[in-house]
Amino acid sequence: MAYPEAIQQLIREFDKMPGIGARTAERLAFHVLRVAPEEALQLALAIRDVRKNVRACSQCCTVTAADPCAICADPGRDRSTVLVVEQPNDVEAFEAAGFRGLYHVLGGVVNPVEGIEPDDLTIDRLKKRIAAAKIAEVILGMDPDFEGEGTALVVAQQLKALPVRISRLARGIPAGSAIEYSNAAVLAEAVAGRRPVEGRA
Ligand SMILES: [Zn+2]
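Residue numbers for the sequence shown follow the working numbering, so the first one is 1232 and each next one is one higher.
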């Protein structure tokens, strides 16, 4: 027997989410049916509110309720150094590690298998920022995994012609691991021990 259309619809929506397979989508849909009506409605409202109240910072592209975000608006930050990261979670991780420069959030990594090309990331915005502001150094802070390293190469290549130093985090972070799960001390060391990207002064 097929499920009622409304359930099938909800299963399809969950199924579109990253990391959720068909079975989990079905389980989540039935969870929504089982909980109290108010609780189910909370989920719907939370989704509506996050789309209404959260936007991308016009400067660093992280998620924020106010534009520019609190970090870009903070006059106490070192505005000459920009740490380029994959996603907003990474900003949180480097904040906990005590980084005091600015950030640029790429919005992902280059991943041809999943159809994510360099043009899908915010590299153009980064280039415009460098051209418009007094940025002396760009630190490439992507994850030390296959996609992260590939993306770092792409970004370094695209920034080559600009008058800015480019460096990569030190090797303190275990290869294949993710920035967002690294502890603050390890991240602080990785920033402190950063090295110039090869072929550049
Ligand atoms: Zn910002």
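C-beta: ideal position from N, C-alpha, C; glycine also.
Asked: Collapsed DSSP secondary structure at A1327 in the structure displayed; Found: helix
Asked: Q1290 CB to nearest heavy atom of ligand 1 below 8 Å; Found: yes
Asked: Buried versus exposed, by CB contacts within 10 Å (16 or more), S1398; Found: buried
Asked: CB contact flag (V1263, L1274, <9 Å); Found: yes
Asked: Every unbroken alpha helix (DSSP H) inside the segment 1270-1316 [4 residues or more]; Found: 1301-1304
Asked: DSSP-derived helix/strand/coil call for N1414; Found: coil
Asked: Alpha-carbon to alpha-carbon, G1250 and L1390; Found: 33 Å
Asked: Backbone secondary structure at V1336 - three-state DSSP; Found: strand
Asked: CA nearest to the CA of T1312, picked from Y1412, I1370 and A1415; Found: I1370
Asked: Nearest neighbour of V1385, chosen from P1343, R1426 and T1293 [CA to CA]; Found: P1343
Asked: Segment contact flag, the segment 1294-1314 with the segment 1344-1351, C-beta cutoff 8 Å, min 3 pairs; Found: no
Asked: Cβ neighbours of A1367 in the same chain (closer than 8 Å, five flanking residues each side left out); Found: S1311, T1312, V1395 and R1396
Asked: Identity of the residues DSSP links to R1396 by a beta bridge; Found: E1368
Asked: Neighbour-count burial assignment, Q1413, 16 or more Cβ in a 10 Å radius; Found: Position check: residue 1413 holds Ser in this sequence, whereas Gln was assumed. That one is buried.
Asked: beta-carbon P1299 near ligand 2 non-hydrogen atom, thresh 8 Å; Found: For the structure depicted, ligand 2 is absent and the ligand set comprises only ligand 1.
Asked: R1402 (DSSP reduced to helix, strand or coil); Found: coil
Asked: Distance between F1261 and P1235 (C-alpha atoms, nearest Å); Found: 12 Å
Asked: I1238 (DSSP reduced to helix, strand or coil); Found: helix
Asked: Contacting residues, own chain, Cβ-Cβ under 7 Å from G1332 (five flanking each side not counted); Found: R1308, D1309, T1312, V1313 and L1314
Asked: Buried versus exposed, by CB contacts within 10 Å (16 or more), A1233; Found: exposed
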